[in-house]
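Shown next, in structure tokens, is the structure this report addresses.
Numbering (the numbering used here), first residue to last: 100 to 197.
Listed below in structure tokens is the structure:
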């Protein structure tokens with residue numbers, strides 16, 4: 100089962116809202132999260148008032164038993180966008196090969 104924590108987020112527009120931040124993703128129990136991860140949208144909050152998006156660069160474990168994958172993902176803020184995209188592309192290619 101995937102595990103997330105509910106955080107209270109304050110947007111620059113002043114809106115306060117709750118957002119789930121995932122620490123563990125299991126695609127067997129939550130298959131829709133596979134596509135969220137592959138799209139690079141996990142742990143991104145969208146303000147319901149102004150629509151502004153904010154990334155929460157929290158590490159998480161990605162488990163995809165169907166494809167025998169267990170990956171530790173650390174989206175540190177010190178990694179370049181190019182390196183982040185390369186990691187996502189590699190993960191996508193693994194899914195396409197299997």
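All C-beta atoms, glycine included, are put in the ideal place defined by N, C-alpha and C.
Judged by DSSP in its simplified three-state form, residue 155 adopts coil rather than helix or strand.
Here residue 140 is exposed, its C-beta having fewer than 16 other C-beta atoms within 10 Å.
Residue 155 sits away from residue 167, with the two beta carbons spaced by 8 Å or more. Under the three-state reduction of DSSP, residue 163 is assigned to strand. With respect to residue 106, residue 120 sits close: the two C-beta atoms are nearer than 8 Å.
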